[in-house]
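Asker:
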Amino acid sequence: SIIRARDKGVKFEVHWSAEDQLIEPNGSMLASYIGFLVRQHIPITCDNWRSPDLKVGKEKIWSEIQRSFHIDESRQKYCIQLAGKRLRGFRSFLCNKFLKDEEGKFVEGEWPMKYAEIISADEWDNFVAKRRNEKFHEVSDINRKRASKPAYPYKKGRTGYARLQQRILTEEKSDATSLPEHVLWKAARVGKDGAVVEAVQNVYDEC
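So the mapping is simple: my numbering equals the position in the sequence shown, first residue as 1, plus 361.
1) Thinking C-alpha only, which one of Asp414, Ile395, Leu545 and Lys534 is nearest Cys440?
2) Taking a contact to mean a Cβ-Cβ separation below 7 angstroms, would you say Arg524 touches Ile426 in this structure?
3) State yes or no: is the C-beta of Phe459 within less than 7 angstroms of the C-beta of Pro473?
4) Taking a contact to mean a Cβ-Cβ separation below 7 angstroms, would you say Val371 touches Leu391 in this structure?
5) State yes or no: is the C-beta of Arg493 within less than 7 angstroms of the C-beta of Ser429?
6) Does Arg400 pass the burial test, meaning 16 or more other C-beta atoms within 10 Å, or should it be called exposed?
7) Let me confirm a value: Gly450 is counted as buried when at least 16 other C-beta atoms fall within 10 Å, else exposed. Which label applies?
8) Going by CA-CA distance only, name the one from Lys553, Leu540 and Cys407 that's closest to Ala379.
9) Indicate the three-state DSSP secondary structure (helix, strand or coil) for Trp377 in the structure shown.
10) What residue range does the alpha helix (DSSP H) around Ala444 cover?
11) With DSSP run on the structure shown, which of helix, strand or coil describes Leu398?
12) Do the CB positions of Asn527 and Leu545 come within less than 7 angstroms of each other?
13) Looking at the unbroken alpha helix (DSSP H) that takes in Arg550, where does it start and where does it end?
14) Give me the Cα-Cα distance between Gly552 and Pro514, rounded to the nearest whole angstrom.
15) Which same chain residues, not among the five before or five after Gln437, have their C-beta less than 6 angstroms away from its C-beta?
16) Who are the near neighbours of Ile403 in its chain, counting only those whose CB is closer than 7 angstroms to its CB and skipping five residues on each side?
17) Considering Cα atoms alone, identify which of Trp410, Ile529, His431 and Phe454 is closest to Gln442.
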């Protein structure tokens, strides 16, 4: 694991695509570790990722990354932005898992003991109270409707564009460092069965 490797003085190399996105080897490892770190150092009640109150937590995240990975200072902004995305994802997971019923309606979920080490009872109560707020639900409903009906849905799960591009180039044994944007866009919208919906194909043909 990353922790055991760190304790032995081992650091992992980090690789980047031509578009400055994390790729393998170790890209997904670092991304997952950033998700772990942000849950450790930033409260789930955080509403503003740019708040000065988060400065210490962000610095801790970055220092922990540097302890386990060979990574240049110029990558700090990327990693901290990714941490913000991972925090939002974790908060959404908590909402969907513990604060919604089968119909998606708000329920008063109990403090999840599984996460007691990183979420205190008071922090959980504040988190629940904010989600009980009517204004929050209005914004949440709008965002959920937008997300549930994208015109051209992404079909590759948690595999980001950079790692998808790397996989395609590897499979094709290509010497290229990147794919044309429209080719990558289409590839990201191909289902497991290899089917391409007509609307996606039409956009691709126009490129």
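Positions of the beta carbon are idealized from the N, C-alpha and C atoms, including for glycine.
Answerer: On the basis of the data shown:
1) Residue mapping note: residue 440 aligns to position 79 of the sequence shown, counting from 1. Among Asp414, Ile395, Leu545 and Lys534, the Cα nearest to that of Cys440 is on Ile395.
2) Numbered from 1 along the sequence shown, position 163 holds the residue referred to as residue 524. Numbered from 1 along the sequence shown, position 65 holds the residue referred to as residue 426. No. Outside cutoff.
3) Taking the first residue of the sequence shown as position 1, residue 459 is located at position 98. Taking the first residue of the sequence shown as position 1, residue 473 is located at position 112. Contact flag set, yes.
4) The sequence position of residue 371 within the sequence shown is 10, counting from 1. The sequence position of residue 391 within the sequence shown is 30, counting from 1. Taking 7 angstroms as the Cβ cut-off, Val371 and Leu391 do not qualify as a contacting pair.
5) Sequence index remark: in the sequence shown, residue 493 carries index 132 (1-based). Sequence index remark: in the sequence shown, residue 429 carries index 68 (1-based). No, the Cβ-Cβ distance between Arg493 and Ser429 is not below 7 angstroms.
6) Walking along the sequence shown from the start, residue 400 turns up at place 39. Counting Cβ neighbours within 10 Å, Arg400 comes out buried, since at least 16 surround it.
7) On the sequence shown, position 89 is the one that residue 450 refers to. Label assigned to Gly450: exposed.
8) Along the sequence shown, read from residue 1 onward, the residue named residue 379 stands at position 18. The option with the nearest alpha carbon to Ala379 is Leu540.
9) Counted from its first residue, the sequence shown places residue 377 at position 16. Trp377 falls in the strand class under three-state DSSP.
10) Along the sequence shown, read from residue 1 onward, the residue named residue 444 stands at position 83. Ala444 -> alpha helix (DSSP H) spans Gln437 to Phe459.
11) By 1-based counting over the sequence shown, the position of residue 398 is 37. Note: Leu398 maps to helix in three-state DSSP.
12) For the purposes of this step, residue 527 is taken as residue 166 along the sequence shown, with counting starting at 1. For the purposes of this step, residue 545 is taken as residue 184 along the sequence shown, with counting starting at 1. With the sequence shown as reference, residue 527 is identified as Gln, and Asn is not the correct amino acid for it. Against a cut-off of 7 angstroms, the Cβ pair of Leu545 and Gln527 comes out as no contact.
13) Residue numbering aside, residue 550 sits at position 189 when the sequence shown is read from its first letter. Taken as a continuous stretch (DSSP letters only), Arg550 belongs to no alpha helix (DSSP H), as it is neither H nor E.
14) Along the sequence shown, read from residue 1 onward, the residue named residue 552 stands at position 191. Along the sequence shown, read from residue 1 onward, the residue named residue 514 stands at position 153. Cα to Cα, the separation comes out at about 10 angstroms.
15) Counted from its first residue, the sequence shown places residue 437 at position 76. Closer than 6 angstroms at Cβ, skipping near neighbours: Trp423.
16) The residue given as residue 403 occupies position 42 in the sequence shown. Around Ile403: Leu415, Gly418 and Leu448.
17) Here residue 442 is taken as the residue at index 81 of the sequence shown, counted from 1. Looking at the Cα atoms, Trp410 is the closest of the given residues.
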